[in-house]
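K.L.:
Structure in structure tokens, see below.
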Amino acid sequence: MLCTGLAGWGLTSAAQSQSLTQEVTVRVRPIQDQGYLLYGLDARIQGQPHTLLLDTGAQEHWIDARQTPVTADPAGMSYQVGYADGGQIQGGRTQALLSLGTWQQTLPLLVARSLEGPAASIVQTVRRTLAQGLLGLAPGALPGVRRFSLQLGGGQSALTLNPSFYASSVTLPYAGRDARVFLGQDLPVQTLLDSGSAFVMMRPAVAQTLGISTADLAPFKLAVRPDIALSLITRTVRFRLGKLRLRFDPPRMLVVQNAPPDTLHDLDLILGIPFLEQVQATWDLSQQVIYIGEHP
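The sequence shown lines up with residues 211 to 506 when you count with the working numbering.
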């Protein structure tokens, strides 16, 4: 999901990491919620088991206060995180030990006392107790991790921290959360690789670049903010990303026809689960690039 508001977060320095270069692979699994597909993993927070949704579009980590024994500092400030689909969480912050397999790190963690949002929101997925919180995987969200790979779909779905080997067919530079994707065209497209999105979402200009006409679109109702007008792409779409040839079948691609500025910010395209299930993506934080390879 695209985070639209976050303040007051500090990050633990890399020098405090207990596993700077250790390669660790954690299996992830699909989580189906009312027809929407996301992915999560089993983690431990302060030694307690939690199921966390994976979100490469988010910097923060948070858990639902009703589902965890972890508590925030009662005298601390209150923080709020907002998502582009209208979901919001609010709560206090604490420092907690996060364990992913044999990797562990003490990180700032938001303990959410209030979770609000539309039925399709990742916030509501947690609220329905399919998971206890969210693991942010945007660049820099896991201090001490030099690179990480994400492979979704099939029986080998996994998150690998500090992989020693990773596939590489296309290299994308990134600045913060954004990367430039060219889609085989001359037009640069500001893109977010977002494992917190069950759809591929794009502006009309990108759809036109891909050869999608008005005849290929149909009105689509999604339980998101009512001020966002969406259209469903009704035909199979194929496009080339460098050497990779990708295919997307309905109903997993949406065109954002009308939306307020804070919905996509300066993004033209959100590549969600339908994209990430077809590739192996590696974020190299030291080189500030994203490697996209063929799905094994």
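Each residue gets a CB set at the ideal place from its N, CA and C atoms; glycine is no exception.
Report, in whole angstroms, the separation of the C-beta atoms of R303 and D243, which I expect to be a contact under 8 Å.
P.N.:
Not a contact, Cβ separation roughly 27 Å.
K.L.:
Nearest by alpha-carbon distance to D350: which of T381, Y289, Q269 and A322 is it?
P.N.:
Going by the sequence as given, residue 350 is Gly instead of Asp. For the residues T381, Y289, Q269 and A322, the minimum Cα distance to G350 belongs to Q269.
K.L.:
Can the beta-carbon of G297 be found closer than 9 Å to that of Q342?
P.N.:
no
K.L.:
So does the region 411-422 actually touch the region 451-469, counting three or more Cβ pairs closer than 8 Å?
P.N.:
yes
K.L.:
Who are the Cβ neighbours of N468 in its own chain at under 6 Å, not counting the five residues just before and after it?
P.N.:
A439
K.L.:
Please classify T278: does DSSP put it in a helix, a strand, or coil?
P.N.:
coil
K.L.:
What whole-angstrom Cβ distance do I422 and V447 have, given they're in contact under 8 Å?
P.N.:
7 Å
K.L.:
At which residue ranges does the region 316-402 contain complete beta strand (DSSP E) runs of 3 or more residues, listed in the order of the chain?
P.N.:
343-346, 357-361, 368-371, 380-385 and 388-391
K.L.:
Within 10 angstroms of the Cβ of F375, are there 16 or more other Cβ atoms? Answer buried if so, exposed if not.
P.N.:
exposed
K.L.:
Take the Cβ of P383 as the centre, count every other Cβ of all protein chains shown within 10 Å, and call the residue buried at 16 or more, exposed below.
P.N.:
exposed
K.L.:
Could you pull out every residue in the same chain whose Cβ sits closer than 8 Å to the Cβ of P506, ignoring the five residues on either side in sequence?
P.N.:
Correct list, in chain order: Q361, Q366, A377 and Q490.
K.L.:
Would you mind reading off the limits of the alpha helix (DSSP H) that contains A439?
P.N.:
Boundaries around A439 are those of the beta strand (DSSP E), A439 to I443, since no alpha helix (DSSP H) includes it.
K.L.:
What are the partner residues of E504, as DSSP defines its beta bridges?
P.N.:
V489.
K.L.:
Would you give the residue range spanned by the beta strand (DSSP E) that P259 belongs to?
P.N.:
Q258 to D265
K.L.:
Does the beta-carbon of G346 have 16 or more other beta-carbons within 10 angstroms, so that it is buried, or is it exposed?
P.N.:
buried
K.L.:
Give every residue of the same chain whose Cβ lies closer than 6 Å to the Cβ of Q226, excluding the five residues on either side of it in the sequence, and list them in chain order.
P.N.:
Low per-residue confidence applies at Q226: pLDDT is 33, beneath 50, and the placement is therefore not dependable enough to give any value.
K.L.:
Between the alpha carbons of V499 and W493, how many angstroms are there, rounded?
P.N.:
6 Å
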